[in-house]
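In my numbering, the protein residues as written are 87 to 501.
Note that the Cβ used here is the ideal one computed from N, Cα and C, for glycine as well.
The structure appears below as structure tokens.
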Ligand code: FES
Ligand SMILES: [Fe+2]
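Given below as structure tokens:
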């Protein structure tokens, strides 16, 4: 049972909150590169961990992430003029560079050095794989950027989409470590119900790792074999999950890194960064973009009851919600819990074992930061920055084989 205090601790992310402080110790996605596509393009509003910010790409292509409100008297810099390597407030013309230096204060006397005494709040940015990452924590604790697999891949081998989620980040994140729901929520063919009854209750394990946690689910495939899925959880709210059990090898070749990033306490950006060894075609990238509208809302959302079709639910699929990708069905399950689910009302069973492990891990990390110690998986030295082989794994093993064999490449990657 989760107490009210624990629920508050893990779900509140604004400045000064314990979970907010933990999240601010890591590089996290702030926006997509495509939102500020070219130098001197219009700035965009970015809301992140409850803070109002503005992102702009300057004349040299550098991205700045600034406090939204002008340091002079607070007008929104979203309406500013993006020109000649700086963002200029439209009220009295103060101009800022990407680092928050005040370049000009044209309404002040020409001999004034007022501008040198002011520094506008900004956060550092790093652009990787079509995502602009930021670090919002204390400057002296700035970590190295983790060397995940996608950091070094060429642009044609990655593509990224994001979705707006109308609920707290933790509801979405927990879904990634809820292995049993895939047999139900994502059952798109009721003829599979026999299979669903066979493997709907997997055996679960969770093991703490240097980067967070490895979640293991084990399903029986007849008396002789097991089907296993290994999914990393990465601090503070990232995951890698394997593709569907029925996918052919070519499809499983796509790997997806997922980020659950709080906009504030009750809304979330969910980023899916896909990668594979062969280039994505422009058609594939375009088709992924069609899953959402111009402001990254899913076509099926709470406002239209996810376009649920009750006839379809009786005859074809478990949910009656068509989904180009499973996240559309996940959106219904997690948003319908409410903006911040009151976990004091839940009844956790065996199938929630990995979620319990995830919450324990997060609570421990929050406490670590509260006590002034270093948060887990914050990388300070290049020697320990080796995460390019961190992947999800799925495969088949003999029924009596330990799951660890899969880490050693003993399992088959195709069912
Ligand atoms: S409020 Fe921005 S320049 Fe005055
Ligand atoms: Fe799901």
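(message) In the DSSP assignment, the beta strand (DSSP E) including residue 90 goes from what residue to what residue?
(response) Along the chain shown, one-based indexing puts residue 90 at 4. Careful: residue 90 lies outside any beta strand (DSSP E), inside the alpha helix (DSSP H) at 90 to 97.
(message) Could you pull the DSSP bridge partners for residue 244 from this structure?
(response) Position 158 of the chain shown, counting from 1, holds the residue named residue 244. Beta-bridge pairing links residue 244 to 361.
(request) Determine the burial state of residue 503: buried for a count of at least 16 other Cβ atoms within 10 Å of its Cβ, exposed for fewer. (result) The question about residue 503 has no answer here: the residues shown for the chain are numbered 87 through 501.
(request) Tell me whether residue 113 counts as near ligand 1, meaning its Cβ is closer than 7 Å to at least one heavy atom of that ligand. (result) In the chain shown, the residue the question calls residue 113 occupies position 27. Flag unset: Cβ of residue 113 not near ligand 1.
(request) Let me have the residue list for ligand 1: C-beta closer than 5 Å to any non-hydrogen atom, ordered along the chain. (result) Going along the chain, the residues that qualify are 156, 158, 159, 161, 175, 177, 178, 180.
(request) Please confirm if the stretch 290 to 308 is in contact with the stretch 316 to 328, defined as three or more CB-CB distances below 8 Å between the two stretches. (result) Output reads yes: the stretch 316 to 328 touches the stretch 290 to 308.
(message) I'd like to know whether the C-beta atoms of residue 386 and residue 407 end up nearer to each other than 8 Å.
(response) If you number the chain shown from 1, residue 386 lands on position 300. If you number the chain shown from 1, residue 407 lands on position 321. It is a contact, given that the beta carbons lie within the stated cut-off.
(request) Flag this pair as touching only if the stretch 348 to 359 and the stretch 251 to 263 have three or more C-beta atom pairs under 8 Å; answer yes or no. (result) yes
(message) Just to confirm, is the Cβ distance from residue 135 to residue 109 under 8 Å?
(response) For the purposes of this step, residue 135 is identified with residue 49 of the chain shown, where counting begins at 1. For the purposes of this step, residue 109 is identified with residue 23 of the chain shown, where counting begins at 1. Yes, these two residues count as a Cβ contact at 8 Å.
(message) Are there any heavy atoms of ligand 2 lying less than 7 Å away from the beta-carbon of residue 440, as far as the coordinates show?
(response) As a first step, residue 440 is located in the chain shown; it is residue number 354 there, counting from the start. False, no ligand heavy atom lies under 7 Å from that Cβ.
(request) Please name the residue in 167, 199, 326 whose C-alpha comes closest to that of residue 236. (result) In the chain shown, counting from the first residue as 1, residue 236 sits at position 150. Ranking the options by Cα distance to residue 236, first place goes to 326.
(request) For residue 335, count neighbouring C-beta atoms within 10 Å of its own C-beta (all shown protein chains included) and say buried if the count is 16 or more, exposed if not. (result) One-based indexing of the chain shown puts residue 335 at position 249. Because residue 335 sits at a pLDDT of 39, beneath the cut-off of 50, its placement in the model cannot be relied upon, and the following sentence gives the value as read from the coordinates. Exposed.
(request) Throw me the rounded Cβ distance for the residue 156 and residue 163 pair, which I believe falls under 8 Å. (result) Taking the first residue of the chain shown as 1, we reach residue 156 at position 70. Taking the first residue of the chain shown as 1, we reach residue 163 at position 77. Their Cβ separation, rounded to whole angstroms, is 6 Å, which keeps residue 156 and residue 163 in contact under 8 Å.
(message) Here's the rule: buried if 16 or more other CB atoms are within 10 angstroms of the residue's CB, otherwise exposed. What is residue 261?
(response) Taking the first residue of the chain shown as 1, we reach residue 261 at position 175. Residue 261 should be labelled buried.
(request) For residue 289, verify whether its CB is less than 7 Å away from any heavy atom of ligand 2. (result) Taking the first residue of the chain shown as 1, we reach residue 289 at position 203. It does not: the Cβ of residue 289 is nowhere closer than 7 Å to a heavy atom of ligand 2.
(request) May I ask you to list the residues that DSSP assigns as paired with residue 402? (result) Mapped onto the chain shown, residue 402 falls at position 316. Paired residues: none, contrary to the question.
(message) Check for me: the alpha helix (DSSP H) holding residue 451 runs from which residue to which?
(response) Along the chain shown, read from residue 1 onward, the residue named residue 451 stands at position 365. Where residue 451 is concerned, the enclosing alpha helix (DSSP H) stretches over 439 to 456.
(request) Flag this pair as touching only if the stretch 218 to 225 and the stretch 107 to 122 have three or more C-beta atom pairs under 8 Å; answer yes or no. (result) The stretch 218 to 225, when compared against the stretch 107 to 122, does touch it at the 8 Å Cβ threshold.
(message) Is it buried or exposed, residue 414, if we count other Cβ atoms within 10 angstroms and call 16 or more buried?
(response) For the purposes of this step, residue 414 is taken as residue 328 along the chain shown, with counting starting at 1. Under this definition residue 414 is a buried residue.
(message) Would you say the beta carbon of residue 261 is closer than 7 Å to some non-hydrogen atom of ligand 2?
(response) Here residue 261 refers to the residue found at position 175 of the chain shown. It does: the Cβ of residue 261 is within 7 Å (strictly closer) of some heavy atom of ligand 2.
(request) May I ask you to report which of helix, strand or coil DSSP gives residue 335? (result) Position 249 of the chain shown, counted from the first residue, corresponds to residue 335. Bear in mind that the predicted position of residue 335 carries a pLDDT of just 39, short of 50, making it unreliable; the figure below should be weighed with that in mind. In the three-state reduction of the DSSP assignment, residue 335 falls in the helix class.
(request) Pull up the CB-CB distance for residue 474 and residue 233, whole angstroms please, since I reckon it's below 8 Å. (result) If you number the chain shown from 1, residue 474 lands on position 388. If you number the chain shown from 1, residue 233 lands on position 147. That pair is a contact at about 6 Å.
(message) Using a strict less-than 5 Å threshold between each residue's beta carbon and the heavy atoms of ligand 2, what residues do you get?
(response) 412, 416
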